[in-house]
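Numbering (the numbering used here), first residue to last: 7 to 261. Where a beta carbon is used, it is the ideal one built from N, C-alpha and C, also for glycine.
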């Protein structure tokens, strides 16, 4: 009976975690890259707002608060849904809101100083959500809960496609978030300029365009080294783009 209870508790936790955006390491990588690309003035102002916490660490805050029911209204703000045959502009945000609406909301609050809660809340949410929208499966197709319903085996262990992209590929590199950020933070000036000039809807379209690659795996759902080999460059690019673009937003606000 005890073993059964432990099993069901563990399974419940895995189901909850599978709905998150990039895992803890992924969000911290994005925050660290963003920090790396801020001017000294912007870093000082961001740190003043965050106090003792770093930009990398607060990237996970919006996932941590899911345990507080008073934040239940924010659950749909981590993702958006764009059916295969449509664009985001044709679909728009649902009444409950989505990641596009939320990014625009918190960015505007930080620009104007008119906060629904306060500056720290808006900043922490923005850091998290810019990362989320760059995870390809956070732009869902409306069919499989952003890959959560796609059951796979990752190196022989039961998983789902969303979890593989959130954390398992990244964690498999066995690097700290600072080591990982140092590894992939190699954008050229031209790339930085281009990525920061593109719009939020461009970011959404990019994530959606990743789907054919993301869903390309054996029919038996067995994922391993080959899947990582085929996708690690894309994972790293999305993390890097998220960090660079977050930096551009924060530089404009705090620089």
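Exercise for the section: Please report how far the alpha carbon of residue 160 lies from the alpha carbon of residue 176, in whole angstroms. Expected result: Indexing the chain shown from 1 puts residue 160 at position 154. Indexing the chain shown from 1 puts residue 176 at position 170. Taking the straight line joining both Cα atoms gives about 13 Å.
Problem - 4 or more residues per run - each alpha helix (DSSP H) lying fully within the stretch 212-255 - result: 217-220
Practice task
Give, in chain order, every unbroken run of the alpha helix (DSSP H) that is at least 4 residues long and sits entirely within the stretch 79-141.
Solution key: 94-97, 105-118 and 125-140
Exercise for the section: Sort 33, 145 and 79 by Cα distance to residue 218 and report the nearest one. Expected result: For this step, residue 218 is matched to residue 212 along the chain shown. Of the listed residues, the one whose Cα sits closest to residue 218 is 145.
Handout entry: Alpha-carbon to alpha-carbon, residue 171 and residue 194
Key = Position 188 of the chain shown, counting from 1, holds the residue named residue 194. Position 165 of the chain shown, counting from 1, holds the residue named residue 171. Residue 194 and residue 171: Cα-Cα distance of roughly 25 Å.
Exercise for the section: Identify which residue in 199, 59 and 106 has its Cα closest to the Cα of residue 37. Expected result: Position 31 of the chain shown, counting from 1, holds the residue named residue 37. Out of 199, 59 and 106, 59 has the C-alpha closest to the C-alpha of residue 37.
Problem - Residues near residue 153 by beta carbon distance below 6 Å, same chain, minus five either side - result: The residue labelled residue 153 in the question sits at position 147 within the chain shown. Here the set comprises 143, 167 and 168.
Practice task
Please classify residue 64: is it buried, with 16 or more other beta-carbons within 10 angstroms of its beta-carbon, or exposed?
Solution key: Reading the chain shown from its first residue, position 58 is the one you call residue 64. Answer is buried; the Cβ neighbour count reaches 16.
Practice task
Would you identify the three-state DSSP class for residue 9, choosing helix, strand or coil?
Solution key: Residue mapping note: residue 9 aligns to position 3 of the chain shown, counting from 1. With a pLDDT of only 40 at residue 9, under the threshold of 50, the placement of this residue in the model should not be trusted, and no figure is reported.
Exercise for the section: May I ask which residues mark the beginning and end of the alpha helix (DSSP H) holding residue 203? Expected result: Within the chain shown, residue 203 is the residue found at index 197, counting from 1. 195-203 is the span of the alpha helix (DSSP H), which, as asked, contains residue 203.
Problem - Residue(s) in a DSSP beta bridge with residue 160 - result: Walking along the chain shown from the start, residue 160 turns up at place 154. DSSP, once it has assigned bridges, lists 163 and 229 as partnering residue 160.
Exercise for the section: Identify, in the order they occur along the chain, each residue of the same chain with its Cβ nearer than 7 Å to the Cβ of residue 207, setting aside the five sequence neighbours on each side. Expected result: Walking along the chain shown from the start, residue 207 turns up at place 201. Cβ neighbours of residue 207 beyond the five flanking positions: 94 and 95.
Problem - Closest residue to residue 202 among 181, 184 and 254 (Cα-Cα distance) - result: Numbered from its first residue, the chain shown carries residue 202 at position 196. Checking every option, the nearest Cα to that of residue 202 belongs to 254.
Exercise for the section: In angstroms with no decimal places, state the Cα-to-Cα distance between residue 119 and residue 150. Expected result: Counting from one through the chain shown, the residue named residue 119 turns up at place 113. Counting from one through the chain shown, the residue named residue 150 turns up at place 144. Taking the straight line from one Cα to the other gives about 38 Å.
Practice task
Could you work out which residue in 29, 35 and 199 is closest to residue 262 when comparing CA atoms only?
Solution key: Nothing can be reported for residue 262: it is not among the residues displayed for the chain, which extend from 7 to 261.
Practice task
With DSSP as the reference, label residue 145 as helix, strand or coil.
Solution key: To locate residue 145, count along the chain shown from 1; it is residue 139. Three-state DSSP puts residue 145 in a strand.
Practice task
Pull up the distance between the alpha-carbon of residue 251 and that of residue 84, whole angstroms please.
Solution key: In the chain shown, the residue the question calls residue 251 occupies position 245. In the chain shown, the residue the question calls residue 84 occupies position 78. Residue 251 and residue 84: Cα-Cα distance of roughly 17 Å.
Exercise for the section: Return helix, strand or coil for residue 151, following the three-state DSSP convention. Expected result: Here residue 151 corresponds to residue number 145 of the chain shown, with the count starting at 1. The answer is coil: DSSP assigns residue 151 none of H, G, I, E or B.
Handout entry: Same chain only: Cβ atoms within 7 Å of residue 165, ignoring 5 sequence neighbours per side
Key = Reading the chain shown from its first residue, position 159 is the one you call residue 165. Around residue 165: 158, 159 and 174.
Problem - Alpha-carbon spacing of residue 256 relative to residue 225, whole angstroms - result: Taking the first residue of the chain shown as 1, we reach residue 256 at position 250. Taking the first residue of the chain shown as 1, we reach residue 225 at position 219. So the alpha carbons of these two residues sit roughly 43 Å apart.
Practice task
Can you say whether residue 48 is buried or exposed, counting buried as having 16 or more other CB atoms within 10 angstroms of its CB?
Solution key: Taking the first residue of the chain shown as 1, we reach residue 48 at position 42. Flag for residue 48 reads buried.
Practice task
Find out if the Cβ-Cβ distance for the pair residue 183, residue 31 is shorter than 7 Å.
Solution key: Mapped onto the chain shown, residue 183 falls at position 177. Mapped onto the chain shown, residue 31 falls at position 25. Yes, these two residues count as a Cβ contact at 7 Å.
Handout entry: Proximity to residue 259 [Cα-Cα], best of 92, 68 and 129
Key = Taking the first residue of the chain shown as position 1, residue 259 is located at position 253. Answer by Cα proximity: 129.
Problem - Residue burial classification, residue 205 (beta-carbon count within 10 angstroms, cutoff 16) - result: In the chain shown, the residue the question calls residue 205 occupies position 199. Exposed, because fewer than 16 other Cβ atoms sit within 10 Å of the Cβ of residue 205.
Exercise for the section: Please state if the CB of residue 27 and the CB of residue 141 are separated by a distance shorter than 7 Å. Expected result: Here residue 141 refers to the residue found at position 135 of the chain shown. Here residue 27 refers to the residue found at position 21 of the chain shown. Going by C-beta atoms, residue 141 is nearer than 7 Å to residue 27.
Handout entry: Separation of residue 110 from residue 56, as counted between CA atoms
Key = For the purposes of this step, residue 56 is taken as the residue at position 50 of the chain shown. For the purposes of this step, residue 110 is taken as the residue at position 104 of the chain shown. Between residue 56 and residue 110, the C-alpha separation is close to 20 Å.
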